[in-house]
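Here the protein sequences come in this chain order: A and B. Residues in the first sequence are numbered consecutively from 7, following this note's numbering. Residues in the second sequence are numbered consecutively from 7, following this note's numbering. The C-beta atom is built at its ideal place from N, Cα and C for all residues, glycine as well.
Number of protein chains: 2
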Amino acid sequence: MRAYNFSAGPSQLPLEVLEEAQRELLDFAGTGMSVTEISHRNKAFSAIVEEGEALLRELLHIPSDYAVLFVQGGASQQFAAVPLNLMHKGKADYIVTGNFAKKAFQEGKIYGDAACVASSEDKTYSYIPDLDKIAFRKNTDYVHICSNNTIFGTRYVEFPKTEAPLVADMSSEILSREVDVSKFGVIYAGAQKNLAPAGVTIVIARRDLIQDPLPACPTMLKWKVQDENGSLYNTPPCFSIYMAVLVLRHLKKLGGVEAINKQNEYKAGLLYDFIDNSSFYKNGVEKKYRSIMNVPFVTPNAELDAKFVKEATASGLVSLKGHRLVGGMRASIYNAMPVEGVTALIAFMQKFEKENAV
Amino acid sequence: MRAYNFSAGPSQLPLEVLEEAQRELLDFAGTGMSVTEISHRNKAFSAIVEEGEALLRELLHIPSDYAVLFVQGGASQQFAAVPLNLMHKGKADYIVTGNFAKKAFQEGKIYGDAACVASSEDKTYSYIPDLDKIAFRKNTDYVHICSNNTIFGTRYVEFPKTEAPLVADMSSEILSREVDVSKFGVIYAGAQKNLAPAGVTIVIARRDLIQDPLPACPTMLKWKVQDENGSLYNTPPCFSIYMAVLVLRHLKKLGGVEAINKQNEYKAGLLYDFIDNSSFYKNGVEKKYRSIMNVPFVTPNAELDAKFVKEATASGLVSLKGHRLVGGMRASIYNAMPVEGVTALIAFMQKFEKENAV
Chain A
7 MRAYNFSAGP SQLPLEVLEE AQRELLDFAG TGMSVTEISH RNKAFSAIVE EGEALLRELL
67 HIPSDYAVLF VQGGASQQFA AVPLNLMHKG KADYIVTGNF AKKAFQEGKI YGDAACVASS
127 EDKTYSYIPD LDKIAFRKNT DYVHICSNNT IFGTRYVEFP KTEAPLVADM SSEILSREVD
187 VSKFGVIYAG AQKNLAPAGV TIVIARRDLI QDPLPACPTM LKWKVQDENG SLYNTPPCFS
247 IYMAVLVLRH LKKLGGVEAI NKQNEYKAGL LYDFIDNSSF YKNGVEKKYR SIMNVPFVTP
307 NAELDAKFVK EATASGLVSL KGHRLVGGMR ASIYNAMPVE GVTALIAFMQ KFEKENAV
Chain B
7 MRAYNFSAGP SQLPLEVLEE AQRELLDFAG TGMSVTEISH RNKAFSAIVE EGEALLRELL
67 HIPSDYAVLF VQGGASQQFA AVPLNLMHKG KADYIVTGNF AKKAFQEGKI YGDAACVASS
127 EDKTYSYIPD LDKIAFRKNT DYVHICSNNT IFGTRYVEFP KTEAPLVADM SSEILSREVD
187 VSKFGVIYAG AQKNLAPAGV TIVIARRDLI QDPLPACPTM LKWKVQDENG SLYNTPPCFS
247 IYMAVLVLRH LKKLGGVEAI NKQNEYKAGL LYDFIDNSSF YKNGVEKKYR SIMNVPFVTP
307 NAELDAKFVK EATASGLVSL KGHRLVGGMR ASIYNAMPVE GVTALIAFMQ KFEKENAV
């Protein structure tokens with residue numbers, strides 16, 4: 007039986023996509039080879055990379071003066087690539103709204119004068135700082151944010167208006183809601199939440215920002231090299247890119263980001279409404295900033311939390327354990343989570359509450 | 007029909023491995039989830055990482071004072087990671103025997119005093135320099151080699167005896183022949199030739215060499231961080247690691263590296279013998295240094311080369327076109343290439359020669 011998988015990442019993929027990948031795993035596009043076996047210089051594979059770029063451009067309405075790159079590894083690697091590619095004046099501002107935002111900030115400090123200009127660490131990252139009150143510094147290379155915070159279940163509702171280019175890690179919400187790409191200098195996202203199996207990251211960067219990087223930049227982290235080589239400077243993570251294309255085709259068929267955004271709001275609304283109307287479950291995030299991708303919640307005590315996770319798992323609702331930094335539970339309900347998964351979770355929560363009323 | 011795939015990488019995987027991956031693509035180890043969907047913190051997945059390490063240790067007879075890491079990306083990324091992790095004195099020697107060896111050398115120069123102490127570029131990398139005549143410098147951090155040169159079809163028969171730790175890129179021959187790991191400081195290999203789909207690289211490093219890296223080192227390139235976190239510092243390329251484990255299990259069942267080494271020598275012997283006994287085909291590599299993984303060859307002229315590639319492809323012998331740096335053809339006959347693939351190629355070569363005698 008297929009589980010309802012609430013993992014924060016790697017996470018659920020659309021069933022139809024997995025079935026398609028399974029069908030053609032031994033014979034990709036009539037080549038007589040697996041997509042894992044063909045040369046990245048093979049035309050059948052470069053067509054995949056081109057289609058992936060075109061679909062991302064279409065689904066995210068990416069302006070033509072932005073490059074779209076598929077790069078190796080995860081977003082954590084881009085924590086270094088961002089300063090290495092952009093920190094020409096040696097100065098950048100970071101807003102710290104969670105664990106990954108903080109890691110990005112710490113990595114920025116390796117390469118220059120990175121400053122934390124706002125943080126929500128004082129209240130366990132349960133909100134997004136008031137953007138109007140942030141004193142951004144003058145003459146910085148960029149302002150870095152993490153637009154959705156996987157562990158703490160928050161997201162930006164609006165984005166800061168900054169003089170310097172705005173750089174956003176969108177790993178845990180890419181393609182889940184409509185964003186105006188033209189307001190950003192760079193958007194990057196590890197694939198393993200909404201896009202594809204782990205191993206590839208997409209970078210969407212305004213072309214004028216893609217320049218010669220700092221001298222210490224490893225060649226593989228140079229956006230300029232990746233851009234000049236159409237993401238095929240060396241052997242890319244072919245299988246992950248191929249799967250991303252299947253997921254993007256699937257998303258287009260569903261009606262694109264506009265349609266999935268509505269479905270995501272609906273799914274998250276069901277869950278938050280249920281939690282808010284319960285005196286047993288609690289979500290501690292400031293309502294305005296609640297993520298529609300990651301929903302952390304707790305029962306009245308840690309003992310019941312552990313029991314909840316155990317019994318949910320036995321019922322086929324898996325990977326609900328919250329991150330060790332916050333405890334409790336977390337339901338990650340990315341694009342691929344069907345409405346039925348959320349309603350099954352709510353039904354289980356009702357039953358568990360009844361059986362464990364305190 | 008399944009093609010005989012002579013691609014230099016990504017390249018052929020064992021059919022049984024692909025079939026197994028296909029069978030369990032929707033349900034890994036009874037989890038009700040695809041291996042691409044489960045959290046890397048899931049016990050079923052960490053068991054995979056542990057098994058991968060254990061199998062590599064067993065099959066390569068890796069001494070216990072060596073770390074075995076699975077890292078993101080390809081060997082090209084390690085071209086930077088090697089100096090960033092090892093260049094504490096700021097000085098390293100490189101032997102340049104091909105395209106990738108040269109790229110590694112160039113990357114080394116970014117981070118310190120990297121010197122090319124021997125090269126075979128004068129004869130289009132058709133040999134390995136005489137190791138006894140190399141004047142290695144004093145007091146270097148390491149000596150870097152590429153043990154098998156994919157594009158030019160050469161390999162080291164013996165390895166240099168160096169005062170400094172020997173670092174080897176073994177991407178295109180890892181697990182294909184017996185090597186004494188204890189003679190090396192570090193061995194690294196991108197997976198996509200003999201091990202798994204592209205996206206993961208293994209690093210085998212003597213533990214005393216794993217120290218704090220240079221200050222400019224991105225966190226994701228720090229071997230120390232990967233070692234301290236059992237290759238799970240961030241989300242790893244899960245599918246590639248899983249496939250590597252299936253390939254390693256398969257190799258063990260076949261009798262390990264000792265058995266596959268014999269088969270590889272046999273396969274390469276068949277092809278080289280045929281070429282050497284022909285007046286039509288030619289391999290330009292100095293015999294002693296011929297690779298048993300990559301066999302470049304030419305017909306009497308470039309026009310016939312093109313015709314050969316075209317007709318071979320139509321016969322189900324694919325990806326035989328040589329690298330643009332050398333032209334002609336190249337048959338990559340990695341571990342997963344069955345003997346039947348090589349005999350089918352030879353049969354085609356005989357037929358082609360007859361039809362196109364000049």
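Same chain only: Cβ atoms within 8 Å of residue i, ignoring 5 sequence neighbours per side
i, result
"L32 (chain A)", "S40"
"R161 (chain A)", "I134, S153, N154, N155, E179, Y295, R296, S297, I298, M299"
"P203 (chain B)", "P16, L19, A197, F245, S246, M249"
"L62 (chain B)", "I68, V74, I208, I210, L254"
"E127 (chain A)", "V102, K108"
Residue i, buried or exposed, once every other Cβ within 10 Å from all chains shown has been counted against 16
i, result
"L331 (chain B)", "exposed"
"Y72 (chain A)", "buried"
"A337 (chain B)", "buried"
"G196 (chain B)", "buried"
"R213 (chain A)", "exposed"
"I141 (chain B)", "It should be noted that the sequence gives Ala, not Ile, for residue 141 (chain B). The residue in question, A141 (chain B), is exposed, as its Cβ has fewer than 16 Cβ neighbours within 10 Å."
"R29 (chain A)", "exposed"
"P89 (chain B)", "buried"
"K199 (chain A)", "buried"
"M366 (chain A)", "No answer is possible for residue 366 (chain A): it lies beyond the span of chain A, which begins at 7 and ends at 364."
"G261 (chain B)", "exposed"
"A265 (chain A)", "exposed"
"P224 (chain B)", "buried"
"V163 (chain B)", "exposed"
"V185 (chain A)", "buried"
"L221 (chain B)", "Checking the sequence, you will find Pro at residue 221 (chain B) rather than Leu. The residue in question, P221 (chain B), is exposed, as its Cβ has fewer than 16 Cβ neighbours within 10 Å."
"Y272 (chain B)", "exposed"
Distance between residue j and residue i (C-alpha atoms, nearest Å)
i, j, result
"I352 (chain B)", "R143 (chain B)", "45 Å"
"D218 (chain B)", "A174 (chain B)", "21 Å"
"M176 (chain A)", "E234 (chain B)", "28 Å"
"V206 (chain A)", "V364 (chain A)", "46 Å"
"A274 (chain A)", "H329 (chain B)", "52 Å"
"P243 (chain B)", "Q78 (chain B)", "6 Å"
"Y340 (chain A)", "V301 (chain A)", "10 Å"
"L254 (chain B)", "E59 (chain B)", "10 Å"
"S125 (chain A)", "A50 (chain B)", "36 Å"
"L257 (chain A)", "Y239 (chain B)", "31 Å"
"L65 (chain B)", "Q269 (chain B)", "16 Å"
"F314 (chain B)", "G347 (chain B)", "16 Å"
"E309 (chain A)", "Y194 (chain A)", "38 Å"
"E25 (chain B)", "A35 (chain B)", "15 Å"
"V291 (chain B)", "Q83 (chain A)", "39 Å"
"F158 (chain B)", "Y117 (chain A)", "38 Å"
Neighbourhood of residue i by C-beta distance below 7 Å, restricted to the same chain and skipping five residues each side
i, result
"K108 (chain B)", "V102"
"F354 (chain A)", "A318, S321, L323"
"D147 (chain B)", "L92, M93, H94, K95, K97, A98, A170"
"G334 (chain A)", "P302, F303, V304, D311, G328"
"S284 (chain A)", "E359"
"S325 (chain A)", "N11, F12, S13"
Own chain partners of residue i with C-beta closer than 6 Å, once the 5 adjacent residues on each side are dropped
i, result
"K288 (chain A)", "V304"
"R183 (chain A)", "N267"
"V251 (chain A)", "I54, E57, G58"
"E113 (chain A)", "F85, A86"
"L172 (chain B)", "V149, F190, G191"
Under 8 Å by beta carbon: chain C residues contacting residue i
i, result
"L31 (chain B)", "In the structure shown, chain C cannot be found, because the protein chains are A and B."
According to a CB-to-CB cut-off of less than 9 Å, which residues of the region 12-24 of chain B neighbour chain A?
-> Against chain A - using a Cβ distance shorter than 9 Å - the residues of the region 12-24 of chain B are S13, A14, G15, P16, S17, Q18, L19, L21, L24.
Can you list the alpha helix (DSSP H) stretches of 4 or more residues lying completely in the region 164-239 of chain B, in chain order?
-> 229-234
Scan the region 106-126 of chain A for residues whose Cβ lies nearer than 9 Å to a Cβ of chain B and list them as they occur along the chain.
-> K109, Q112, E113, I116, Y117
Ordered list of alpha helix (DSSP H) runs contained in the region 80-149 of chain A, each at least 4 residues | 81-92, 105-117
Return the chain-ordered ranges of every alpha helix (DSSP H) run that is complete within the region 248-290 of chain B and spans a minimum of 4 residues.
-> 262-282
Relative to chain B, which residues along the region 243-258 of chain A have a C-beta separation below 8 Å, given in chain order?
-> P243, C244, F245, S246, M249
Could you pull out every unbroken beta strand (DSSP E) segment of at least 3 residues lying fully inside the region 288-320 of chain A, listed in chain order?
-> 300-303
Within the region 22-71 of chain A, ranges of the alpha helix (DSSP H) (whole runs, at least 4 residues) | Those alpha helix (DSSP H) runs which fall completely within the region 22-71 of chain A and span 4+ residues are 49-65.
Can you give me, in chain order, the residues of the region 213-243 of chain A that have a beta carbon less than 9 Å from any beta carbon in chain B?
-> Hits within the stretch, in order: L220, P221, A222, C223, P224, T225, M226, L227, Y239, N240, T241, P242, P243.
Members of the region 189-212 of chain A that neighbour chain B once the beta carbon cut-off is set at 9 Å | G196, Q198, A202, P203, A204, G205, V206
Determine which residues of the region 305-322 of chain A have a Cβ less than 7 Å from any Cβ of chain B, and write them out in chain order.
-> Against chain B - using a Cβ distance shorter than 7 Å - the residues of the region 305-322 of chain A are G322.
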